[in-house]
Amino acid sequence: MLQYSVSKLATAAGLLLLWILQSLPPNTLSAHAGDKTHDKYFGAGSITAAKAIGLIFGLLGLAVTCDDMLGRQSMRQPWSLADVIYVAMALAGAVLRLWAMKVLAKHFTFEVGIVKDHKLVQSGPYQRIRHPGYTGAIVCAVGTLGFLCLRPPGMVWFTVFAVPMTLFMAARITNEEHTLHQHFGKQWEQHCKRTWRLFPPLL
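Mind the numbering: the sequence shown is residues -30 to -1, 1 to 173 in mature numbering (1 follows the signal peptide of the UniProt record, and there is no 0), read in order.
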């Protein structure tokens, strides 16, 4: 019987923890501070929804890992090139998302809105990508799910997470861009001409 790969199990746990940590909202909008919410789809429940998504992802990952250990046994196999690529993607995506959080500072919220004295940030990753936080989240999710799930029947778990997450992000991005366009006008239009929405040069 093959022994479990301690390094693989530790990596799986680390990736899930990293995802949950980057899913926690760094800031919230406050009407008392002069912030204005424009969250069209999720309202005040956006933060709760974001926390729930992070928790659900972590639990799904745990379920997949347990399923793997009990049945598919990939956690007993040696590291493959695909494993390394997936982990590298997850880490790169997490770094990009955390960088976006740091650069956007108080403007990075899980609620769509305009904070008091709001400025259009165009430095750091925002020089080339309009939504680097989402880009990082997507790359991190694909890498993590790839490491955990991209083997039958793990694809079921991948689909369970990927479909609602795609719909969620599409709705959020549309809402955010409409809000920023309304607030910044021509400045936002010029910014859009210089940047990609998510992935250069595809979107």
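For every residue, glycine included, the Cβ atom is placed at its ideal position computed from N, Cα and C.
CA-to-CA distance, residue j to residue i, given in whole angstroms
i      : j      : result
K76    : A70    : 11 Å
A107   : M139   : 10 Å
T79    : L(-13) : 18 Å
C110   : V(-25) : 22 Å
P134   : Q47    : 31 Å
G155   : A(-18) : 44 Å
A1     : A62    : Confidence at A1 is low in this model, with a pLDDT of 45, below 50, so its placement is unreliable and the value that follows should be read with caution. Between A1 and A62, the C-alpha separation is close to 35 Å.
H88    : H161   : 15 Å
I143   : V54    : 30 Å
S(-8)  : G103   : 11 Å
A3     : E147   : Residue placement at A3 is flagged as unreliable, the pLDDT there being 47, under the threshold of 50; the coordinate-derived value follows with that caveat. Roughly 23 Å separates the two Cα atoms.
L(-10) : E159   : 33 Å
T136   : T129   : 10 Å
Y96    : A141   : 20 Å
Under 8 Å between C-beta atoms of residue i and residue j
i      : j    : result
L(-16) : T105 : no
R164   : H101 : no
R67    : P170 : no
L90    : Q157 : yes
N145   : V82  : yes
S93    : V73  : yes
Closest residue to residue i among the options (Cα-Cα distance)
i      : options                   : result
K(-23) : L(-7), A52, S(-8), L(-10) : A52
V112   : A64, K156, C162, P48      : A64
8 Å contact criterion, which residue i and residue j should meet: CB distance rounded
i   : j    : result
A60 : F131 : A60 to F131, Cβ: 14 Å. No contact.
V57 : T149 : Not confirmed; about 35 Å, so no contact.
Item to check | Runs of alpha helix (DSSP H) wholly within the segment 76 to 156 (minimum 4 residues, chain order) | outcome: 102 to 119, 124 to 154
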